[in-house]
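Protein chains in written order, with the numbering used here: chain A, 249 to 416; chain L, 2 to 432.
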């Protein structure tokens, strides 16, 4: 999947993807894999405490552990798949490992830009930037943008959007 | 969009609003209550009668109280730049509608309101699920005046509330006779299917002498038949399309009348739908994408609001389209799905294509109901290229041109991956 020779989802010639912060991987591992790991440990302890029914929590622990490993690996693979680039006329966003997506939004179609950061995201210094157009299908959200870059991106997109504003 | 406010300014809507709104909500509450009463199988006839009566009185009381409270706390004011509506008893809500954000202004007369000569104003803005603002109820003439004022201001004209602009001259494009709408409904596959299912249920019930089977089949299928007729026939009754200086005007409805104005510049795209039986008769239905309309319908925006012409012949359809989406018919590119995409649509893949013209992008899909969509380049919001694992295996990809939510969807499904990428790149230079 996604071999380097696969150029279908490359940016336009002359552009490079700006990748999102590795902190996104850490954050997703923390919120996704860690709870599963805790559940797995709790189930192992249960299995030790009730030996006569040990198989039931053991199976649960194996599933939880397997999911934790999967989330752990998914977090990094998915993080690497995210990228965005600003060219003269459009914002390009790519994402996805299995279901790949490449969306281009002309600056003039922008309605407004959202920057969102929860407490954990703020702790890791990242935010998600969403570019809203009149179409809900656009779904142009970039997660895991470093906070400074998120502010810069928002200001630049707003500025470009206003100067080109065609809207709806 | 909402902010807390303590100031109480502006005028109230018509005092009968509480009553009408109460009756409407009361009817809804009655329907909700009656379901739970009838589903209780125990008890005799008296308990059912008592339950129904209780539901009617209870629903009405709840509705009237809620209607009165909501009317009492609703006020609106129009100033130089915006329309402001404050409402709410416990949670105060204040909505500002800047004139330049207005996408369309509709006038609706729900049946009960129509009896007492009241109407509601619906203002659509772009974006979000709460983009529609409804102001109810005002005397019909007031709503007409308000609409004229808002439409004029939305076009940047400086008009004061005292010197109302005169309604511009309208020329009739077409009036769809009710019998044609009835005929069209009778010849639609979902209606025929519902009727066949209804007949099958009745026959099965009679043969097996099981009253429960009859009831179990008649209720849902009969309900579907009634719903289809009510939705298509009653809503589209006396459908009139006319043309004015600022946009198209649609007037329709038998019991509840609706009058919509679609400003020319606000049309985001047009869908031509040709259901199975209709296609053989050369009939079409036109639907239109206007930002804000879809918030009221289902996922595909299939509500009466987006209907531009409920039933028409191709010549008239073409003329109306040409008026709304001026486009040269020259073809720039045409892409069809490859044979490799049979996996995803064994029959349908032959009937799909996406075509780019100088001004518009056009796509067609469907072999039972054929849908052709047109979107002007300058109205498309963004362009997407995507590929799932199965598509990667078959070497195909999908390209999609995004439009505001509504009946119009321009997709190039399962094109050859290289062709999809090329279309995506070229479309970027066009929009």
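Here a beta-carbon is modelled for each residue, glycine too, at the ideal position from N, C-alpha and C.
As the structure is a prediction and not an experimental result, all values here were calculated from the model.
- Counting only runs that start and end inside the region 176-260 of chain L, the beta strand (DSSP E) elements of at least 3 residues fall at 240-244 and 248-253.
- For residue 354(L), there is no enclosing alpha helix (DSSP H); the enclosing beta strand (DSSP E) has its first and last residue at 354-358.
- Where residue 257(A) is concerned, there is no enclosing alpha helix (DSSP H), because DSSP gives it neither an H nor an E.
- Closest in C-alpha terms to residue 248(L), from the list 202(L), 401(L) and 326(L), comes 326(L).
- When 53(L), 275(L) and 105(L) are compared, the shortest CA-CA separation from residue 260(L) is found for 105(L).
- Rounded to whole angstroms, the separation of the alpha carbons of residue 200(L) and residue 404(L) is 41 Å.
- Taking the C-beta atoms as reference points, residue 399(L) is found nearer than 9 Å to residue 415(L).
- The beta-bridge partner set that DSSP reports for residue 107(L) consists of 123(L) and 261(L).
- In the structure shown, residue 329(L) falls within a coil segment according to DSSP collapsed to helix, strand and coil.
- In this chain, the alpha helix (DSSP H) harbouring residue 411(A) covers 395-412.
- Out of 323(L), 281(L) and 338(L), the CA that lies nearest to the CA of residue 376(L) is found in 323(L).
- Chain A places a beta carbon closer than 9 Å to that of residue 393(L), counting this residue as a contact.
- The three-state reading of DSSP puts residue 77(L) in strand, counting E and B together.
- At a C-beta separation below 7 Å, residue 338(A) has these neighbours in chain L: 429.
- It is roughly 15 Å from the alpha-carbon of residue 315(A) to the alpha-carbon of residue 324(A).
- For residue 346(A), the chain L residues whose C-beta falls within less than 9 Å of its own C-beta are 389, 390 and 393, listed in chain order.
- CA-CA distance, residue 386(A) to residue 356(L), rounds to 21 Å.
- With 16 or more other Cβ atoms from the protein chains shown falling within 10 Å of its own Cβ, residue 134(L) counts as buried.
- A distance below 9 Å separates the beta carbons of residue 185(L) and residue 279(L).
- Below 8 Å, too few C-beta pairs join the region 331-351 of chain A and the region 290-300 of chain A to call them touching: fewer than three.
- In chain L, no part has a C-beta under 7 Å from the C-beta of residue 391(A); the shortest such distance is about 18 Å.
- Listed by position along chain A, the residues whose Cβ is nearer than 8 Å to that of residue 398(L) are 256.
- If you draw a 10 Å sphere on the C-beta of residue 210(L), you find fewer than 16 other C-beta atoms in it, and that means exposed.
- From the listed residues 407(L), 100(L) and 352(L), the smallest Cα separation to residue 126(L) is found for 100(L).
- Taking a Cβ-Cβ threshold of 7 Å, none of the residues of chain A is close to residue 420(L); the smallest such distance is about 11 Å.
- DSSP places residue 87(L) in the strand class (E or B) of the three-state scheme.
- In this structure, residue 412(L) places its C-beta atom within 9 Å of the C-beta atom of residue 364(L).
- Within the region 345-368 of chain A, 346, 347, 348, 349, 350, 351, 352, 353, 354, 357 and 359 place their CB atoms closer than 7 Å to a CB of chain L, listed in sequence order.
- Proximity of residue 410(A) to chain L, defined by a Cβ-Cβ separation below 9 Å, is not satisfied.
- For residue 367(L), there is no enclosing beta strand (DSSP E), as DSSP marks it with neither H nor E.
- Annotation for residue 354(A): the continuous beta strand (DSSP E) segment containing it runs 348-354.
- Of all alpha-carbon atoms in 283(A), 268(A), 256(A) and 346(A), the one lying nearest the alpha-carbon of residue 389(A) is that of 268(A).
- For residue 390(L), the enclosing alpha helix (DSSP H) begins and ends at 390-395.
- Residues of chain A with a Cβ closer than 9 Å to the Cβ of residue 212(L) do not exist, since the nearest Cβ in that chain sits about 47 Å away.
- The C-beta distance from residue 119(L) to residue 17(L) rounds to 6 Å, short enough to meet the 8 Å contact threshold.
- When only Cα atoms are considered, residue 376(A) and residue 367(L) end up about 38 Å apart.
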